[in-house]
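Structure record follows, encoded as structure tokens.
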Amino acid sequence: MKQIFKHLTIIAIILIFSCSAYSQKQNFELIKNTNIFNSILKELSLFYVDTIDAEKIITNGINSMLYSLDPYTTYIPKKEEDDLKFMTTGEYAGVGALISKRDSLIQITSIYEGNPAHKDGMKVGDRILEINGESMVGKSNDFVSDHLRGKANSLAIIKVKRPTVDSVVTLNVTRKKIYIPAVSYYGVTQNDIGYIYISSFNTNTASEVKDALLDLKKNHNITSLVLDLRGNPGGLLNEAIGVINLFVPKGKTILETRGRLKELENTYKTSQKPIDTEIPIAVLINEESASASEIVAGAMQDLDRAVIVGNRSYGKGLVQSTRSLPYEGTLKITTAKYYIPSGRLIQAIDYSNRNEDGTTTRIPDSLTTEFKTAAGRIVRDGGGITPDVTYEYPKQSNILYYLSIDYHIFDFATRYVAEHPTIASATEFKLTDDEYNQFKEELKSKNFTYDRESLKLLNKLKELAKFEGYLDDAEETINTLEKLLEHNIDKDLENFKEEIKSELEMEIIERYYYKKGLMSRGVEEDKCIGKAIEILKNPTQYKQILSPKER
Numbered sequence: 003m004k005q006i007f008k009h010l011t012i013i014a015i016i017l018i019f020s021c022s023a024y025s026q027k028q029n030f031e032l033i034k035n036t037n038i039f040n041s042i043l044k045e046l047s048l049f050y051v052d053t054i055d056a057e058k059i060i061t062n063g064i065n066s067m068l069y070s071l072d073p074y075t076t077y078i079p080k081k082e083e084d085d086l087k088f089m090t091t092g093e094y095a096g097v098g099a100l101i102s103k104r105d106s107l108i109q110i111t112s113i114y115e116g117n118p119a120h121k122d123g124m125k126v127g128d129r130i131l132e133i134n135g136e137s138m139v140g141k142s143n144d145f146v147s148d149h150l151r152g153k154a155n156s157l158a159i160i161k162v163k164r165p166t167v168d169s170v171v172t173l174n175v176t177r178k179k180i181y182i183p184a185v186s187y188y189g190v191t192q193n194d195i196g197y198i199y200i201s202s203f204n205t206n207t208a209s210e211v212k213d214a215l216l217d218l219k220k221n222h223n224i225t226s227l228v229l230d231l232r233g234n235p236g237g238l239l240n241e242a243i244g245v246i247n248l249f250v251p252k253g254k255t256i257l258e259t260r261g262r263l264k265e266l267e268n269t270y271k272t273s274q275k276p277i278d279t280e281i282p283i284a285v286l287i288n289e290e291s292a293s294a295s296e297i298v299a300g301a302m303q304d305l306d307r308a309v310i311v312g313n314r315s316y317g318k319g320l321v322q323s324t325r326s327l328p329y330e331g332t333l334k335i336t337t338a339k340y341y342i343p344s345g346r347l348i349q350a351i352d353y354s355n356r357n358e359d360g361t362t363t364r365i366p367d368s369l370t371t372e373f374k375t376a377a378g379r380i381v382r383d384g385g386g387i388t389p390d391v392t393y394e395y396p397k398q399s400n401i402l403y404y405l406s407i408d409y410h411i412f413d414f415a416t417r418y419v420a421e422h423p424t425i426a427s428a429t430e431f432k433l434t435d436d437e438y439n440q441f442k443e444e445l446k447s448k449n450f451t452y453d454r455e456s457l458k459l460l461n462k463l464k465e466l467a468k469f470e471g472y473l474d475d476a477e478e479t480i481n482t483l484e485k486l487l488e489h490n491i492d493k494d495l496e497n498f499k500e501e502i503k504s505e506l507e508m509e510i511i512e513r514y515y516y517k518k519g520l521m522s523r524g525v526e527e528d529k530c531i532g533k534a535i536e537i538l539k540n541p542t543q544y545k546q547i548l549s550p551k552e553r
């Protein structure tokens, strides 16, 4: 009962903390429904046929209630406070490794350079058997992750199965504070063009970008810059403003937040002296660039300060604030919408207007409104940030997808590293044809096969032809086509050789040179970055893109 009433208090606060802003009728509805909810829980705890798990059932109720509002309003219990801290600061105490479940064991999939996992002998491919004497076999990712984390300087005795030597290894790993930098990589590409990849917006993002920019200008004499926000889910609003401030004069309005409560409304302006207001910039975005990423991309677009390249962004124009709850819980709640310099809102989904079945849909382009940038270019609200220059990524081949999800790429890299103490630099390393043929032979020995989408569709066509009575007429043609589409793994491995080799090389490079090496190689081969460089190398094209078009 104690657990139930602890959670009832949390529910009551979630429901009632803003009652003063409601009308009398709304106050009554809140109180009435809170009483009903409390009564149901009390009756369940007293009379339900089995003993109920108070924390589980009430947490599920809280989560369902909040999700009915939007996906970003969430309850964070005390036990998850480390995750909240990590999201805002990029820090946690642990070993510095990424994991994923493979069969009944948790496998190390990546290691952060210079951190305990790296220093104390963990290797990518290790499968965790025990941590401090407790079995990890059959456990979930979250369970193992919780046990890898702990107080800084505490010891984790980790027993792993190392596939390359087919033996069990015991490692003594001392946990430390792990900091994941927001600027994962920066460097110089061709023609003195700088490149900065921003992976998140935590408490240090603006200062990290500033340091990278100053280094690129002072020590590398860059003439233009690529800011890469692809895959960046966002983070702290003030850090986004800080990044923009590096390139925009002091006193510029960047953002307005508007909410139901006046005290939550605010106007954000650049408040510091910028570093460089003239350097040509290309900002890269994709469908996974969200929130603070979209603030940076959208503001730079609205102020005509950068050319935006890539794919349309996610479309999250909502601002969250945190509220403290009893028992050291936290409520992350959507309190406002944000509007970028042109006055547009880039939120793609209106969660207040759901379909009858409770589902949501993106705002169609036909219902969006035109706005103008500082120079008079036409931009639109709703549906995220549309790039000035769209880059369509080539689709991954079906065979590569299956080679990846079935761990064939991963396992080949694990064996390769065990057999090769060193390799060439990240930018120069290449697999030889003999090594690629070795990979092919390994696949044959494992009888590798995969589902072809073309055959799946052909089988559906066959079923449809039978249903409609045309199979007798079409069967011979369908059978001929079926034979043409039969698996020929050797042919597929040759047809997609360059794509598969590139993926193998990237997996191997990360094992030796970690994320920085992976990024340095990726910058050279990334076609979207190449498109941005092409624009920055052509001042006429750059200016033309940022100039309003005649209508």
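Counting in the working numbering, the final residue of the sequence shown is number 553, and the numbers go up one at a time with none missing. Note that beta-carbon positions come from the ideal geometry of N, C-alpha and C, so glycine has one too.
(1) Quick one: what does DSSP say Asn439 is sitting in, helix, strand or coil?
(2) Spell out the partners DSSP gives Gly189 in its beta bridges.
(3) Determine the burial state of Asp453: buried for a count of at least 16 other Cβ atoms within 10 Å of its Cβ, exposed for fewer.
(4) Between Gly63 and Ser323, what straight-line distance do the alpha-carbon atoms span, to the nearest angstrom?
(5) Check this for me: beta carbons of Pro235 and Ser202, under 8 Å apart or not?
(6) Gly519 to Ile60, Cα distance in whole Å?
(7) Residues in its own chain within less than 7 Å of Val309 by CB, not counting five upstream and five downstream?
(8) Could you spell out where the alpha helix (DSSP H) holding Ala301 opens and where it closes?
(9) Write down every uninterrupted run of the alpha helix (DSSP H) in the segment 27-69 whose length is 4 residues or greater and which is fully enclosed by it, in chain order.
(10) Could you work out which residue in Asp122, Gly123, Val171 and Ile101 is closest to Lys556 when comparing CA atoms only?
(11) At what residue ranges does the segment 466-490 contain a whole run of the alpha helix (DSSP H), taking only runs of 4 or more?
(12) Could you tell me the boundaries of the beta strand (DSSP E) in which Val171 lies?
(13) When DSSP labels each residue in this structure, what does Tyr181 get in the three-state scheme?
(14) Roughly how many whole angstroms lie between the Cα atoms of Leu266 and Phe39?
(15) Quick check on the DSSP output: the beta strand (DSSP E) that includes Phe373 runs from which residue to which?
(16) Look up Ile101 in the DSSP assignment and give the residues it is bridged to.
(17) How would you call Tyr24, buried or exposed, if buried means at least 16 neighbouring beta carbons within 10 angstroms?
(18) Using the Cβ count rule (16 or more neighbours within 10 Å means buried), how would you classify Asn206?
(19) To the nearest angstrom, report how far apart Ile411 and Ser504 are at their CA atoms.
(20) Which residue from Met124, Ile531 and Pro550 puts its Cα closest to that of Ser226?
(21) When DSSP builds the beta bridges, which residues end up paired with Ser323?
(22) Pull up the DSSP beta-bridge partners for Lys163, would you.
(23) Should Pro550 be labelled buried (16 or more other beta-carbon atoms within 10 Å of its own) or exposed?
(24) Are Met138 and Ile113 close, meaning C-beta to C-beta below 8 Å?
(25) From the DSSP output, which residues share a beta bridge with Tyr270?
(26) When the Cβ atoms of the segment 287-299 are set against those of the segment 227-246, are three or more pairs found closer than 8 Å?
(27) What three-state label does DSSP hand Ile277 in the structure shown?
(28) For Ile342 and Ile256, what's the separation of their Cα atoms in angstroms?
(29) Counting along the chain, where does the beta strand (DSSP E) carrying Leu538 start and finish?
(30) Compare the Cα-Cα distances from Glu527 to each of Asn37, Ala301, Leu483 and Ala428 and report the closest residue.
(31) Could you please give the first and the last residue of the uninterrupted alpha helix (DSSP H) stretch that includes Leu150?
(32) Tell me, please, whether the CB atom of Gln349 is closer than 8 Å to any CB atom in chain B?
(33) Assuming contact is defined by CB atoms lying nearer than 8 Å, are Gly92 and Pro165 in contact in what I supplied?
(34) My assumption, with CB atoms under 8 Å, is that Val381 sits in contact with Lys533. Please give the rounded CB distance.
(35) Thinking C-alpha only, which one of Pro118, Gly385, Ile110 and Lys468 is nearest Val126?
(36) Should Asn247 be labelled buried (16 or more other beta-carbon atoms within 10 Å of its own) or exposed?
Reading from the atomic positions:
(1) Three-state DSSP puts Asn439 in a helix.
(2) Gly189 pairs with Tyr197.
(3) Exposed.
(4) Roughly 21 Å separates the two Cα atoms.
(5) Yes.
(6) Roughly 46 Å between the two C-alpha positions.
(7) Closer than 7 Å at Cβ, skipping near neighbours: Ala284, Asp390, Val391, Ile537, Tyr544, Ile547 and Leu548.
(8) Ala294 to Asp304 is the span of the alpha helix (DSSP H), which, as asked, contains Ala301.
(9) Assignment of alpha helix (DSSP H) within the segment 27-69, counting only whole runs of 4 or more residues, yields 56-69 in chain order.
(10) The question about residue 556 has no answer here: the residues shown for the chain are numbered 3 through 553.
(11) The segment 466-490 is shown to contain whole alpha helix (DSSP H) runs of 4 or more residues at 473-486, in chain order.
(12) For Val171, the uninterrupted beta strand (DSSP E) segment begins and ends at Ser169 to Thr176.
(13) DSSP places Tyr181 in the strand class (E or B) of the three-state scheme.
(14) Their Cα atoms are separated by approximately 30 Å.
(15) Start and end: Glu372 to Lys374.
(16) Paired residues: Ile110.
(17) Here the model assigns Tyr24 a pLDDT of 48, short of 50, so the residue's position is not dependable, and the following value carries that caveat. Result: exposed.
(18) Under this definition Asn206 is a buried residue.
(19) Using only the alpha carbons, I get a separation of about 11 Å.
(20) Residue Ile531 is the option with its Cα nearest to Ser226.
(21) Answer by DSSP bridge pairing, in chain order: Ile335.
(22) DSSP lists Arg129 and Val170 as partners of Lys163.
(23) Exposed is the call here.
(24) When the beta-carbon positions are compared, Met138 and Ile113 stay at least 8 Å from each other.
(25) Tyr270 is bridged to Leu257.
(26) Short answer: they touch.
(27) Three-state DSSP puts Ile277 in coil, outside helix and strand.
(28) If I take the Cα positions, the gap works out to 6 Å.
(29) Run containing Leu538: none in the beta strand (DSSP E); it sits in the alpha helix (DSSP H), Lys529 to Leu538.
(30) Of the candidates Asn37, Ala301, Leu483 and Ala428, the one whose C-alpha sits nearest the C-alpha of Glu527 is Ala428.
(31) It spans Asn143 to Leu150 - the alpha helix (DSSP H) in which Leu150 sits, taken as one unbroken run.
(32) Reference to chain B is not applicable here, since this structure consists of a single protein chain.
(33) No. Outside cutoff.
(34) Their Cβ separation, rounded to whole angstroms, is 20 Å, which puts Val381 and Lys533 out of contact at 8 Å.
(35) Cα-wise, what sits closest to Val126 is Ile110.
(36) Here Asn247 is buried: its Cβ has 16 or more other Cβ atoms, across all protein chains shown, within 10 Å.
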